[in-house]
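Top line first, the protein sequences correspond to chains W and D. Each step along the first sequence adds one to the number in numbering that gives the first Met the number 0, with nothing skipped, and position 364 is 363. Each step along the second sequence adds one to the number in numbering that gives the first Met the number 0, with nothing skipped, and position 230 is 229. From the three backbone atoms N, C-alpha and C, an ideal C-beta is built for every residue, glycine too. Please read the structure below before turning to the comments.
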Amino acid sequence: MKHNRRKPTRLNTRWPVFFNFVIPAVVCFFFFIGIGYAQSDASPDEENCLICHRYPRMGRYDEAGNKRVYYINDQLFAKSVHGKLRCKSCHVDLDKIPHENVKKVDCSIKCHLKDPSSNREFSHRGMVEKYENSVHGKGVNRQKKFPEDRPTCAYCHSNRSYNPYAGFWGKSEALSRETLARCQGCHTDKAWTEKVYAHFTHRLRRRRTQDEIVKLCTSCHEDKQKMARHGLEAISTYKDTFHWILVKYGVHNAPDCITCHVPVGYTTHEIRPRDDAMSPINKNNRIKTCSNQGGIQNCHPNATIKFAEGRVHAYGTKVQLMAAADKTKVSGNEEESLLIVRAREEITQSELFHYRVLSLISLFYKIFIGLVVGFMTMHQLLVHRRIKRNARKEDAHDAQ
Amino acid sequence: MPEKRTRMTHNEISMAMDDVDTPIVQDSPRRYFVRLNLSERIQHLIFVTCFIMLALTGVMVWLPEKTFHFLGSAKETVFLVRSLLHRIFATIMILVCIYHVYYLIFKAAGRRWFKDMMPKVKDINDFGGNMLYLIGFRDEPPEFDRFSYKHKLEYGALIAGMTLMSVSGIILWSEYFWDKFIVDIAALIHGMEAVLACLALMIWHLYEVHLRPHKFPVDNMWLTGVIDEAEMKEEYPLHYKKIMSDPELQKIYLREGSKGSGQKTDSINA
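Rendered as structure tokens:
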């Protein structure tokens with residue numbers, strides 16, 4: 000610039016503002032934008048996968064006709080929990096292009112990242128083993144029936160960290176930025192701090208709202224056929240409880256599925272059947288679960304044994320099958336017969352009695368409401384007709 | 000009506016309205032008959048307010064979730080206010096009912112109410128007769144006393160419904176104290192009975208006092224407490240005869256001149 004000023008040419012004397020300010024400003028603008036792009040592209044892609052996978056339209060239709068998207072947004076990926084990993088750390092054996100024999104990602108393999116607490120290679124293996132032993136797992140030796148029905152890791156852990164981290168503290172974005180800024184006072188590597196911050200705050204609060212949890216669980220558990228082949232009943236009955244009404248209104252700490260099935264001190268990966276002594280909904284553990292001891296909120300702090308032992312979900316298919324057991328033969332189709340067998344094991348006589356009483360009351364009211372409303376409507380219609388008729392008669396009388 | 004005055008009182012307006020419907024002979028003073036005294040009207044007013052509020056706050060529990068999407072993040076507050084209001088109005092309603100029992104036992108007017116409200120054989124005959132009249136087999140309706148079978152049915156339903164609703168409501172309020180089975184029954188009854196009460200009220204009571212010809216849009220007896228002679232003769236002829244033949248009853252039920260039930264002023268209608 001200085002050079003220009005000393006030896007002015009004809010052009011820039013005529014357009015001093017244009018040449019001295021606008022053009023440098025435009026150049027600087029594009030230069031800095033370029034720097035910005037260069038920085039945001041900083042996530043290491045040593046394997047050069049993004050050479051293809053950066054194109055948003057990349058994908059195909061698989062054999063089943065489902066649309067598969069192979070696009071990777073590297074900026075979002077860099078901010079995710081796995082942002083530091085290489086693609087091939089999880090997607091193993093992808094050396095050929097086009098890729099052949101693509102295996103599903105196994106979360107229990109070692110990641111070649113050091114766990115800072117033990118300085119050993121990090122792995123999700125422990126969690127995966129616990130999970131395979133739980134009700135949802137395939138069993139240690141994959142011996143359980145219908146493995147395709149059982150949720151995989153990614154079924155629940157859809158990688159939500161692809162979303163920008165803002166809002167980890169609920170609605171208060173300001174708080175999140177403020178706290179992060181404090182961390183960055185000492186930890187000057189901005190990208191690293193953001194990642195660690197996201198990692199911690201992510202676990203300080205629940206990731207899914209109550210409504211989302213119910214949606215996630217019911218995405219399988221509402222499927223009657225799928226449940227029946229495991230001898231379970233579909234849980235549309237949860238939505239008959241007052242718990243669901245609280246969730247429906249988005250009440251703070253409203254009881255969703257995991258509030259009772261995975262209370263404080265239990266983990267989602269270890270959900271057990273209710274006759275297991277370690278299950279929170281086992282009759283011996285019910286009081287503790289209902290009063291939610293140790294939780295943020297004491298739901299039923301005064302719960303008595305009688306209250307806690309009662310049925311929470313409304314009576315569903317199993318009790319209905321039991322109530323109609325005399326008529327239904329076990330030799331029906333396989334799924335139904337499994338339900339009946341399970342129902343005979345699980346449904347006690349007192350539960351059957353309760354169900355019968357409740358259905359009787361319900362039936363009585365339905366008939367009674369019908370009768371009363373029908374009678375009233377008839378009566379009032381007759382009254383109305385008679386009044387109108389009297390009025391017509393009077394009019395006729397007056398006319399005469 | 001005095002033409003000179005620019006403003007009319009509420010009673011005068013309603014009288015003017017009545018005059019259009021039922022022209023009466025001007026030289027005899029107008030006579031009104033008390034149907035509800037002040038205490039009963041106040042009880043009714045509180046009860047109505049509570050009922051409407053309870054129905055509104057109660058039905059929100061059963062509406063599908065999409066209904067409240069427009070509330071957005073205010074949903075939670077609405078829900079908590081809803082539950083609080085439901086309990087407050089329920090308490091007021093129960094207190095009014097307890098007062099009503101006290102009124103029935105310890106007040107002369109209440110004892111009269113209770114005596115007149117007791118079901119009698121005549122009610123069954125009245126019901127049969129009235130049905131025949133409504134269908135058209137008879138030309139005249141039966142002569143009703145102070146409370147007809149309709150009132151008695153409604154009052155009976157109110158007592159039964161109120162008892163069930165209060166008991167089941169209190170059980171639900173103190174749920175942890177009870178066997179879960181009892182809580183389930185209470186919840187079921189509370190919901191079903193609420194549906195029954197609301198439907199019955201809409202069809203039976205709302206028709207009687209709002210939609211019925213001659214009463215549309217509203218029978219203002221619930222505010223004034225009195226009805227005029229023509230209506231009394233038409234709807235409660237037996238009670239009318241009883242009053243006219245008994246000076247003691249006249250003191251209680253008959254008001255002359257003014258439509259206000261409390262005071263006797265003969266000047267307005269001159």
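Minimum Cα-Cα distance from Gly373 of chain W among the listed residues D:Ala156, D:Leu198, D:Phe113 corresponds to D:Leu198.
When the Cα atoms are used, Ile123 of chain D and Trp112 of chain D turn out to be separated by approximately 19 Å. Contact annotation for Pro212 of chain D against chain W: His383, Ile386, Lys387, Ala390 [CB-CB distance below 9 Å, chain order]. Only those residues of the region 178 to 205 of chain D whose C-beta falls short of 8 Å from the nearest C-beta of chain W are listed: Asp178, Lys179, Phe180, Val182, Asp183, Ile184, Ala186, Leu187, Ile188, Met191, Glu192, Val194, Leu195, Leu198, Ala199, Ile202, Trp203.
No Cβ-Cβ contact shorter than 8 Å links Asp183 of chain D with Leu359 of chain W. Against chain D, the CB of Gly58 of chain W has no partner CB under 8 Å away; the residue lies outside that interface.
Sequence-distant Cβ neighbours of Arg137 of chain D in its own chain, meaning closer than 8 Å and more than five residues away, are Gly128, Leu131. Residue-level contact check: Ser235 of chain W does not touch chain D, since none of the beta carbons of chain D fall below 8 Å from its beta carbon. Minimum Cα-Cα distance from Glu153 of chain D among the listed residues W:Val382, W:Ile386, W:Met375, W:Arg388 corresponds to W:Met375. Taking a Cβ-Cβ cut-off of 8 Å, Val217 of chain D has no neighbours in chain W, whose nearest Cβ is about 17 Å from it.
By the C-beta density criterion, Gly315 of chain W is buried, having at least 16 other C-beta atoms within 10 angstroms. For His353 of chain W, the nearest beta carbon of chain D is closer than 8 Å to its own beta carbon. In the DSSP assignment, the residues bridged to Asp227 of chain D are D:Tyr31. Boundaries of the beta strand (DSSP E) harbouring Glu255 of chain D: 253 to 255, taken from the DSSP string.
Membership of Lys113 of chain W in the beta strand (DSSP E) is indicated by the continuous run 109 to 113. If you ignore the 5 residues before and after Leu171 of chain D, its C-beta comes within less than 7 Å of the C-beta of Val182, Ala185, Ala186, His189, all in its own chain and listed in chain order. Under the 8 Å Cβ criterion, the region 244 to 262 of chain W counts as touching the region 209 to 222 of chain W, having at least three qualifying pairs. According to the DSSP assignment, Gly58 of chain W belongs to the beta strand (DSSP E) that extends over 58 to 60. Pairwise C-beta distances place the region 45 to 55 of chain W in contact with the region 64 to 77 of chain W, as three or more of them are shorter than 8 Å. Residues of the region 41 to 69 of chain D whose Cβ lies closer than 8 Å to any Cβ of chain W, in chain order: Val60, Glu64, Phe67. For Ile169 of chain D, no CB of chain W lies under 8 Å from its own CB, so it is not counted at the interface with that chain. Using a Cβ distance threshold of 8 Å, Tyr31 of chain D and Asp227 of chain D count as a contacting pair. Between the region 127 to 135 of chain W and the region 269 to 276 of chain W there are three or more C-beta pairs closer than 8 Å, enough to call the two in contact. DSSP links Val68 of chain W through a beta bridge to W:Gly58.
When DSSP states are grouped into helix, strand and coil, Glu192 of chain D belongs to the helix group. The continuous stretches of alpha helix (DSSP H) do not include Phe215 of chain D, and DSSP gives it neither H nor E. Under the 8 Å criterion on CB atoms, Ile339 of chain W is classed as non-interfacial with respect to chain D. Pairing Leu215 of chain W with Gln319 of chain W, the inter-Cα distance amounts to about 26 Å.
At least one beta carbon of chain W lies nearer than 8 Å to the beta carbon of Tyr175 of chain D. Ser117 of chain W counts as exposed, since fewer than 16 other C-beta atoms from the protein chains shown sit within 10 angstroms of its C-beta. With distances taken between CA atoms, Ile41 of chain D lies nearest to D:Val95 out of D:Ile242, D:Thr90, D:Val95, D:Ser147. Proximity of the region 280 to 300 of chain W to the region 146 to 161 of chain D falls short of the contact definition, fewer than three beta-carbon pairs being nearer than 8 Å. If you look at Phe145 of chain W, you'll find it isn't in any beta strand (DSSP E); DSSP assigns it neither H nor E. The beta carbon of Met321 of chain W sits closer than 6 Å to the beta carbons of Ala342, Ile346, Leu351 from its chain, once the five residues preceding and following it are set aside; these are given in chain order.
Val371 of chain W reaches chain D at Leu195, Ala199, counting residues in chain order whose Cβ is nearer than 7 Å. Arg119 of chain W has its alpha-carbon roughly 14 Å from the corresponding atom of Gly125 of chain W.
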